[in-house]
Amino acid sequence: MECMLQHHELSAAVRAAIVAAQAAQTLPPFEVPDPVVERPRDATYGDYATAIALQLARPARMAPLKIAEAIAAHIVSPHYLGEINVVPPGFINFRLADEWVQALPARILEADAEFGRIDIGHEGQSAQVECVSANPTGPITLGRTRGGVIGDTLHRVLEAVGYNVTMEYYYNDAGRQITLLGESVKVRYLQQLGRRAKLLDEHYQGDYIIDLAKELIAEHADALVDMPTDAFAEYARDRISQQQKATLARIGIFFDVYFREQSLYESGAVDHTLEALRENGYIYEKDGAQWFRSTDFGDEKDRVVVKADGEPTYRLPDIAYHWDKAQRGFDLVVDIFGPDHHATAPQVLMGVRALGYDSDFVHTLLHQIVNLVRGGEQFKMSTRRGLFVTLDELVDEVGADAIRYFMISRSANSPVDFDLDLAVERSDKNPVYYIQNAHVRCAGIFRKWAEAGLAENADEDADLSLLTHERELAFLRKTLELGDVLEMIATTYEPHRLAFYAYDLAALFHPVYEECRVLHSEVPEPVRLARLRFYRAAKVVFARVLALMGMSAPDVM
RNA sequence: GCCCCCGUAGCUCAAUUGGACAGAGCGUCGGCCUUCUAAGCCGAAUGUUGCAGGUUCGAGCCCUGCCGGGGGCACCA
C-alpha cells in the first residue's frame, strides 16, 4: 500500500485555503508559497502545525494572527482531521480525529510488511548506493562497517519510498596494494616453511596473512616456493574478497554489483576518460605528468591524473568510474566514504562535470569514525600494526543486531563510541533489547492467547473505538510518523533518524503494555479484542521498523 | 597555513532543515512485582546551546570574526 503523507495533503489544503481567502478578499493578493506543514515538537499543540501565517505577515501586511484566522476559515478539512486551532502568535494547529487514529490498526494490518511505504515521487526511479568499497587486502574494519550499515539502511529506506536500488561495492583489484599483499603472503608462506624471508614495514602485518599462508601450505605444501608473487597476490585477493563478502552477509549486507577497478583498464574506460577530459580542454602536461585542471571547478590546485612514470593516479579510474555511473543513468547515486576520503570526493565530481555531466545526481555522504569502548575506556586501533577489531570478531562478540543498531545510532557527522559492554547487556539500558523487547512482548501476548486455546482471528472484527487509553492513542499517532521519517531520510540521507524513531516508538509502547492489559480477567471482552488488534498492529510496526534497520524481530529473547 | 566535521544538561547525543517552553538515554534521587517476561513502568532534579557581533517577526540551526577538540591536505588508495 502506498499513500500520500498527511503533511503534504494538509499543505495543499492550506494553500487552497489561502487562495480561497484571497478570492474572498479576506486576504490581500500576493504570491502564494507552498506552506510547510510539520509535526510540532510539543505534541500538546496537535499532530501537525504550520507557521505559514507568520511568514505571510510581510507580503500580506497583516497581523499573523489575523492571517491565520483568515486561512483557517477557508480550510477544507480532510476526513481524518479533528479540530483546527489558531494560536498566538499565528500558528495553525491540526489535530487528527481520534476515531481515525483508533482505526489505524486496521490500516497497519492491511499494509503489513509494506507499512510506511510512501509515494513521494520516486516511484520507479533508480538509485545506487556505493559503500564499504574496501580493497581486498584485509578484513573489514569498523569504519567500513559503519559505511556499510549506513549504506544498507539507506538502501532499505530508499526502496520503501519507491526507488529501485543497486547496492554497489567498488574495489581495487590490482596495483601496488595488491602487489604488497602478494609479497606479504609469500613472505609468510616461506617463513612458515622455515625459510628465510623478511616482512617489510610496508607489508601487511596482520595475522590473517599468516592464516592465508597456512592455507596454502595445507593445500600445496612447499610446491609454491618458486611461484611468482603475482600468484600469491591473486590467491590472497580472491580469498580475502570472499571472506569480506561472507562477513558482510553476517550483518545482512549484500551487494548487487562488485565493481573492479581493473575492469576500467580492461575496457579502455580509463584511457577514454583521459582523452575525453583532454578533448574538453581540462588536461595539460607539466613535469612529465598529466594534470587535471580542477581549479576550473573551484579546486585549490590542479591534480595529477597520470604520473610522470606513466601510471595513472587513483583519481583517473575514480573519475572513469563515476562517468560510468553517470552513463548508467541513475536518478540518484549515494557515495558513502569514511573520514579518510573527505578531501578527495569533490575532485571526482569535478571530473564528472568536466566530462559534461551535471554531478547533482551524486550525493556524497561522509561519516565519522567508530571508537570501541570497553569497561568505560576507549581503545585505539591501528590497521598497519594489525591492532584492530574486525567485523567478524565484533559479530562473534555482540551479534549482528547490535552492530546494525549502534552504527546508525548517531548522525554520520558524529563519531560512534561503540560500547561493547552495553551492546551485550540484556536490559532496558541497551536500546537494542529495549526495541526488540517491544516486539517480543507483542509476540508473547499472542503466544499466551494461543496457549489458552482461543481463536486465532478472534480480534478480526474488534471494535477499535474502544482503544481510548491516552497511551494507546499516543502510540498509534507515533506509528503514523514512520512515513514522515522515511521521507526525511530519503531527502537528507540521514539514517540515524530511523534508530531514534525506533527507540521513541518503543518508549511509547512499553507504557501501553504496562497499563493496557489484554488477557486478564478484569478486561471486558470487547476491549480485550480491540487491544488484541492493537498489539497485532504494534507487532507489525516493530517488525517493519526493525526490518528497515536490517535487524531481527525476535518472538522470544 | 588551507579544507572538512564537531562544540547543546555531570557524560554520550537528538532537535522534523528558520518556528511555539531546546529534548532523549546514561548517571543521580524517589516510587512500583499474588497481573500477558521487572529484559519492564511511573515520577523528580539538571541548560548563558564555546565566545562576540550580524541578518530575521523569530536563530542551537543562516552570515562574519575569534576560542577549543578531531580528521584531512601525495606524481599513495
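Per my numbering, residue 4 is the first one in the first sequence, and the count goes up by one each step. Just so it is clear, CB atoms sit at the ideal spot from N, CA and C, and this is done for glycine as well.
Have a look at Phe118 and Asp45 and give me their C-alpha separation to the nearest angstrom.
So the two alpha carbons sit approximately 25 Å from each other.
Val132 lies in the beta strand (DSSP E); which residues open and close that run?
Start and end: Ser129 to Glu133.
Would the beta-carbon of Ile121 fall within 8 Å of that of Leu13?
Not closer than 8 Å, so no.
If you reduce the DSSP assignment to three classes, tell me which class Glu5 lands in.
Only weak support exists for where Glu5 lies, its pLDDT of 46 falling under 50; the coordinates are left without a value.
Assuming Ile95 and Thr53 make a contact with CB atoms under 8 Å, what is their CB distance in whole Å?
Indeed they touch by this definition, with Cβ atoms about 5 Å apart.
Looking only at its chain, what residues have a beta carbon closer than 7 Å to the beta carbon of Arg536, apart from the 5 residues adjacent to it on each side?
Cβ within range, chain order: Pro108, Asp462, Ala465 and Leu467.
Locate the alpha helix (DSSP H) running through Gly354, then write down its first and last residues.
Its alpha helix (DSSP H) spans residues Ala348 to Ala357.
Would the stretch 230–237 and the stretch 120–140 be scored as touching if the rule is three or more Cβ pairs under 8 Å?
Verdict: no, contact absent.
Judging by CA-CA distance, which residue of Arg198, Val39 and Leu532 is the nearest neighbour of Asn460?
Nearest option by C-alpha distance: Leu532.
Check each candidate in Val104, His77 and Pro91 and name the one with the smallest Cα separation from Gly85.
Nearest option by C-alpha distance: Val104.
Considering only residues of the same chain and omitting the five flanking positions on each side of Leu511, which have a CB-CB separation below 8 Å?
Correct list, in chain order: Arg474, Ala477, Phe478 and Lys481.
Answer yes if the stretch 534–553 comes into contact with the stretch 239–250, meaning at least three C-beta pairs across the two stretches below 8 Å, and no otherwise.
No, they do not touch.
Across which residues does DSSP place Met170 in a beta bridge pair?
Its beta-bridge partners are Val132.
From which residue to which residue does the beta strand (DSSP E) around Thr367 run?
From DSSP, the beta strand (DSSP E) with Thr367 extends over Val365 to Leu369.
Residues in the same chain with beta-carbon distance under 7 Å from Leu112, minus the five sequence neighbours each way, listed in chain order, please.
Excluding sequence neighbours, Leu112 sits near Arg539, Ala540 and Val543.
Check the DSSP bridge columns for Thr3 and list the partner residues they point to.
Because the chain spans 4 through 560 in this model, residue 3 falls outside it and cannot be assessed.
Taking Arg500 as the reference, give the member of Leu485, His513 and Pro514 with the closest Cα.
Of Leu485, His513 and Pro514, the residue nearest in Cα terms is Leu485.
Exposed or buried, what is Gly127 when buried is set at 16 or more other beta-carbons lying within 10 Å of its beta-carbon?
Classification for Gly127: exposed.
Which residue's Cα is closest to the Cα of Phe257: Gln247, Gln208, Leu489 and Val559?
Looking at the Cα atoms, Gln247 is the closest of the given residues.
Would you please state the rounded distance, in angstroms, between the beta carbons of Ile411 and Pro342? I believe it to be under 8 Å.
In fact, because the Cβ distance is near 17 Å, the residues do not count as touching under 8 Å.
Would you kindly work out how many angstroms separate the C-alpha atoms of Ala279 and Gly178, rounded to a whole number?
So the alpha carbons of these two residues sit roughly 24 Å apart.
Could you check where the beta strand (DSSP E) with Phe94 kicks off and where it finishes?
Element bounds for Phe94: Phe94 to Leu99.
For the 8 Å Cβ check, are there 3 or more pairs between the stretch 190–202 and the stretch 216–235?
In short, these stretches touch, since the Cβ pair count reaches three.
Could you compute how far the alpha carbon of Val526 sits from the alpha carbon of Ile448?
Val526 and Ile448: Cα-Cα distance of roughly 14 Å.
Any chance the stretch 16–24 sits against the stretch 69–85, with 3 or more Cβ pairs inside 8 Å?
Output reads yes: the stretch 69–85 touches the stretch 16–24.
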